[in-house]
Amino acid sequence: MAPLTDPDLLFAPETRSLCRALYAGVKDLPIVSPHGHTDPRWYALNEPFPDPAQLLIVPDHYIFRMLFSQGVRLEELGVPTLDFPTLNGAPVETDGRTIWRRFAEHYYLFRGTPTRLWLDHVFEHLFGIGEPLNPVTADRHYDTIATLLQRDDYRPRALFDRFNIEVIATTEGALDDLKWHRAIRDSGWNGRVVTAYRPDAVVDPDFEGFPANLDRLGEITGCDTGTWEGYLDAHRKRRAYFKEFGATSSDHGHPTAETANLSEAAAGELFNRIRHGSDDERERRLFRAQMLTEMAKMSRDDGLVMQIHPGSWRNHSPAIFQKFGRDKGFDIPTRTDYVTALKPLLDCVGLERDLTIILFTLDETSYARELAPLAGVYPALKLGPAWWFHDSPEGMRRFREMTTETAGFYNTVGFNDDTRAFPSIPARHDIARRVDCAFLARLVAEHRLREEEAHELARELAYTLAKKAYRL
Amino acid sequence: MAPLTDPDLLFAPETRSLCRALYAGVKDLPIVSPHGHTDPRWYALNEPFPDPAQLLIVPDHYIFRMLFSQGVRLEELGVPTLDFPTLNGAPVETDGRTIWRRFAEHYYLFRGTPTRLWLDHVFEHLFGIGEPLNPVTADRHYDTIATLLQRDDYRPRALFDRFNIEVIATTEGALDDLKWHRAIRDSGWNGRVVTAYRPDAVVDPDFEGFPANLDRLGEITGCDTGTWEGYLDAHRKRRAYFKEFGATSSDHGHPTAETANLSEAAAGELFNRIRHGSDDERERRLFRAQMLTEMAKMSRDDGLVMQIHPGSWRNHSPAIFQKFGRDKGFDIPTRTDYVTALKPLLDCVGLERDLTIILFTLDETSYARELAPLAGVYPALKLGPAWWFHDSPEGMRRFREMTTETAGFYNTVGFNDDTRAFPSIPARHDIARRVDCAFLARLVAEHRLREEEAHELARELAYTLAKKAYRL
Amino acid sequence: MAPLTDPDLLFAPETRSLCRALYAGVKDLPIVSPHGHTDPRWYALNEPFPDPAQLLIVPDHYIFRMLFSQGVRLEELGVPTLDFPTLNGAPVETDGRTIWRRFAEHYYLFRGTPTRLWLDHVFEHLFGIGEPLNPVTADRHYDTIATLLQRDDYRPRALFDRFNIEVIATTEGALDDLKWHRAIRDSGWNGRVVTAYRPDAVVDPDFEGFPANLDRLGEITGCDTGTWEGYLDAHRKRRAYFKEFGATSSDHGHPTAETANLSEAAAGELFNRIRHGSDDERERRLFRAQMLTEMAKMSRDDGLVMQIHPGSWRNHSPAIFQKFGRDKGFDIPTRTDYVTALKPLLDCVGLERDLTIILFTLDETSYARELAPLAGVYPALKLGPAWWFHDSPEGMRRFREMTTETAGFYNTVGFNDDTRAFPSIPARHDIARRVDCAFLARLVAEHRLREEEAHELARELAYTLAKKAYRL
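As given, the protein sequences belong to chains C, D and B, one line each in that order. Start counting the first sequence at 1; every next residue gets the next number (UniProt numbering). Start counting the second sequence at 1; every next residue gets the next number (UniProt numbering). Start counting the third sequence at 1; every next residue gets the next number (UniProt numbering).
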């Protein structure tokens, strides 16, 4: 039987030997994971992971959204309702094996998706499984994984080493006390886990609990978040605090890429209105827009790399949001403009050569039309890798095809896995490396690049560019 | 000389043997044609088709738009003017052979287009022609086809059997009496021809004769279409009537995907204003939007699969519209939003697991950005195949490349030919099957899919998914 | 060592022999360059070109934008500031060799870009250089090129002949006296250099010096540009004057594709307001829109082919614009609508069979959705080749993949190089021919086209279509 993950995975037959040669040079490079959502608690406590379903199914919105789309209820997959365990409504499944079997029954739905590639990779390379998952093999998979998860060499720190992770960034909100990061540091463990500054909850007036969040920000920092100056100072203090725990970047998940560059006075007045609870949608938008520019200016000053992740309509279904909360697979991409939206920010700091702003998109139409032309000229801009729904073989290939000719490779920043699925990290990096090698092999095969250049680039894309861009 | 349609048509050289193997498993599957525009009268009367030009050229807007773009007048191709035969303006050509010769002279214009593939397929497989069409061979083609069309085994029902059609859907307006469908049923013929409910003329206030159409709808159903309740009841009655003639779906060709979900009272008031001829463009748009949601609610109740075909700017040239009427090749795609537009409808019925809404688009930018993410999570949504201008090898390939990774194969609904060109139906299905086999072969060649899965998927895409999605 | 430009450049390995065969039939065809920005002074005076840096680096915004994006200052690359040589700010580098070395250090940034392919092609084919450019070889390259540029057979006219240019168009503003074109004509040289009419400075109220430009237009033509009629007459006279110097086309670089078709009276009133300096942004937009239609009507009358180049946000960075002026790599594409924007113009002249309007885009999403459907039906419309950032192997491939199936090949107009980089012209045409041959080879390999058709098409795309569409 063929292995779950063929050694030639993602290599086109017509350029296979070149793909293999390029890949051989990068497959064992350490993993640099500059942006993601793993839980620092794992590394701090180093406890065994829970059962296979709780580890691999319940928290993975790629997985349960697909099953939900085909009629499986989220409760049947163990996704907790907000009122859980009061069981108002259908009971939430808690038995790992039952959830696993349900998943296995529907695993065929993932044919042709990256989730399938990631999971098969994990099954084979992490858990040593050789047969495809289906209803017949479901229990054997479950038992194998459950058993291994109890072993010490499957605990988080052991996996961190096994995965050859050189450094990994987590993402914490501005109000987080970073206690798990402190615990990691205090533990004497030598794994490098850094945080990143994500201030959405205190810069977005539409965020749940925004006023209370600002109060809390004031308490934590001792700054008067009732004034614009105090509010900005509070950010500066938190950024400095995050830097103490290794942060080299901030992260901004706005609905759009809109920016503004108001005068000091106008910005202060806007803050006052927002602070007093303005429900004018334009003002709230303008405040978010202004805050991107403020964050960029702080990045210019303190050196944090700024990441902008716009264009997701969060919680598109109110019924699901009310019942299950955030991050349930109902975040849908929207058309996103950059050329107009970023102009105020770029007019302010776009020509800075020591500032790095990394742009992501869920709207692939902006790759060739807007993002590559912008990143190909503004010194402050770089392009983040294909993101979220586009973090897939076809998505990554389109990213390269549509950005390279205008922005080159060196205005991109390598790969980041952006995941909370810790066991899948090697799979994700492996697949990204394979896709890039295949892209480079195609360029060589068509004599658009020399082979020695492709070898050099393969290393840059797999390792060096991420380290350099994120200052890690 | 090479055949007009090579046995390896559309198979990439680098995956050819795999393409052949996959295709061998699907090429003889019956045709399920769940959406199209053939004329039920053909099956009812079973008369011989007219001359080659009247059959293949005059009604095919793909063909005459291309010749028109290169300076040939529509009259020269036999396209009737609205005042025909008064000959106000240039005379309309009526001689089939003259039209055919003119077409043959310009056949080179279709190089690289799907029309060329379809026609060569028809010439070879239906009419046994082995030489390319050009000015020299034009008369021989014409004679061969004209002669065959007179034979009994080239009449509609014989072709239906020869084409191995298991079921075909036509599309009729809400006011249609379905007399040809009744005649088919009464004839005792065993071919399965079903209708589909297309209510544009009675839900779109901008449709020609809208007020009279509503009056007529009232007469036919005995409902009071002067009231909102009566109007909705009339729809329910017509839907039930269409179901008697096999309908399993409705079809909605709106300018945009905009939906609304007004309160009962507000919807009733809106209807009153529309019924009294409101010329407020926003109200007319809102009414169309509300009606999509009403139709979705009826589909939830009566089980008709709902098809939404938005985004065509109909009759872009007023001069052509005035002279020749609708469907003259001047329908132009427009940028189409789904994420915002569909939200009211989705908030209402999007989570229903027994409802099927099939979305089509003419704006390929929505595939990966909007449609695949939506269909990959909302149980009520499925993706229709690449449509109209995109029903072509590159178009179908882009559809798979941009939807599969997020929505999977199982949130798509197989192929539909959407054609009024009856003789081209086998060609269209054959080409779709070939493109899908080539796509699957590429996945297998890159080890993204196992070969046995590809065989299974080839059958699903060619046959099973269409039957299942359309409940046929 | 491999040559800088492999004989199989851009040929896919799986269709290589077919690519070679097709390319053999077109590689030596004369160059028809119907649209570009070379300086007619070169051909008039036939002086030697300046040093390698001044020839190849300083004027090429593709090059300096990339280096600027990576932190190199424009002054370091010799790009003159507007106040040069007053040296307000950093001094501008004037030493060619220093600039060249700086460029060579950063040449790796261009991996995967068309600039790299063009330059390597020039190095090898024009200057006989066999080794890659890098810091070690920089001086040798420089010396080789500098030496050759002093030779008589490297002067403009000699290169014109060596490049096998059959005809080349330059682009001049409406106020240009065409003295260099006159000098060329008077010189008795047999090279065919024609002009093109570019009236942006006198049709766009936002253009620098617009009112003075209109005054000047009046002086030159003897028309009263204080009145609408006189203003239009002035255009007619200038167009006639440009035709005397070989012009067969006009060129229009508007921010959008917006058109208008006002009544004679309304247009006249609008002109009056604009002439008196209206600062109403809507009026200024409307005037630009109206002028596209006016130019189209004049084209209908005088036979000049009309080119519309919309969708570039010029001078996106005000800081760069103020310091360095126009054309410094800060022109960024924007989302561009055609279906709505062009309707007034198309309603007016879109059905004209003797008019040719060539549409370009920087927004690739419009290829399949809008441009191919429009050009595939309106007799007056043709599609210009992939433009600017998209004038690249992937960009040209996407153009063919997304336009051919709906518009066919014959509603496109071949290649134009659009360049001011004279030495790169053969490279650009060679690469375009290779990309087209590779595209055709793929069609043949998949049996979508017969081989003899591909040979014919290769010639059309490389040579015939451009001559025909531009009436050259």
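Think of the CB as a built atom: it goes at the ideal place given N, C-alpha and C, for glycine as much as any other residue. In this text, all values refer to a predicted model and were calculated from it rather than measured experimentally.
CB contact below 8 angstroms: residue i versus chain D
i       : result
W189(C) : no
E105(C) : no
A466(C) : no
P114(C) : yes
N451(C) : Residue 451(C) is actually Glu in this sequence, not Asn. Cβ-Cβ to chain D under 8 angstroms: no for E451(C).
M396(C) : no
Beta bridge counterpart(s) of residue i as assigned by DSSP
i       : result
Y197(B) : E172(B), S250(B)
E307(C) : The displayed chain sequence assigns Gln, not Glu, to residue 307(C). Bridge partners of Q307(C): D251(C), I358(C).
P333(D) : S312(D)
L457(C) : L457(C) is not bridged to any residue.
I165(D) : I31(D)
L383(C) : L359(C), T412(C)
Cβ distance (whole Å) where residue i is taken to contact residue j below 8 angstroms
i       : j       : result
M306(D) : S392(D) : Between S392(D) and M306(D) the Cβ distance is about 26 angstroms, and since that is not below 8 angstroms, they are no contact.
V58(C)  : I99(C)  : 7 angstroms
A257(D) : A341(D) : 4 angstroms
R288(B) : V203(B) : 6 angstroms
H235(B) : P199(B) : 7 angstroms
T170(C) : T38(C)  : 6 angstroms
Given residue i as reference, the closest of the options once Cα atoms are compared
i       : options                            : result
L345(C) : A445(C), T81(C), R300(C), D418(C)  : R300(C)
H125(C) : R428(C), G25(C), A458(C)           : R428(C)
F422(B) : S17(B), L56(B), L10(B), E47(B)     : L56(B)
Q290(C) : S263(C), D302(C), L10(C)           : S263(C)
E219(D) : V203(D), G384(D), R238(D)          : R238(D)
F330(D) : R433(B), F321(B), F324(B), G350(B) : G350(B)
A196(D) : T147(D), F360(D), G173(D), D204(D) : G173(D)
R65(B)  : L374(C), P385(C), R420(C)          : L374(C)
G253(D) : P333(D), A265(D), Y231(D), S278(D) : P333(D)
P50(B)  : V339(B), C223(B), A146(B)          : A146(B)
N315(B) : L461(B), T137(B), G325(B)          : G325(B)
T144(D) : L133(D), F127(D), P132(D), D215(D) : F127(D)
CA-to-CA distance, residue j to residue i, given in whole angstroms
i       : j       : result
D206(B) : R273(B) : 14 angstroms
F68(D)  : R284(C) : 52 angstroms
N46(D)  : E244(D) : 22 angstroms
R182(B) : Y43(B)  : 11 angstroms
L472(B) : V167(B) : 8 angstroms
N416(D) : H35(D)  : 6 angstroms
H276(B) : E208(B) : 15 angstroms
L457(C) : H121(B) : 22 angstroms
V194(B) : L77(D)  : 39 angstroms
D8(C)   : E446(D) : 7 angstroms
Neighbour flag for residue i against chain C, beta carbons, 8 angstroms
i       : result
L270(D) : no
L461(D) : no
E117(B) : Note that residue 117(B) is Leu in the sequence shown, not Glu. Closer than 8 angstroms to some Cβ of chain C, the Cβ of L117(B) qualifies, so yes.
T404(D) : yes
L82(B)  : no
Y23(D)  : no
L457(B) : no
Any chain B beta carbon closer than 8 angstroms to residue i
i       : result
G414(C) : no
F11(C)  : no
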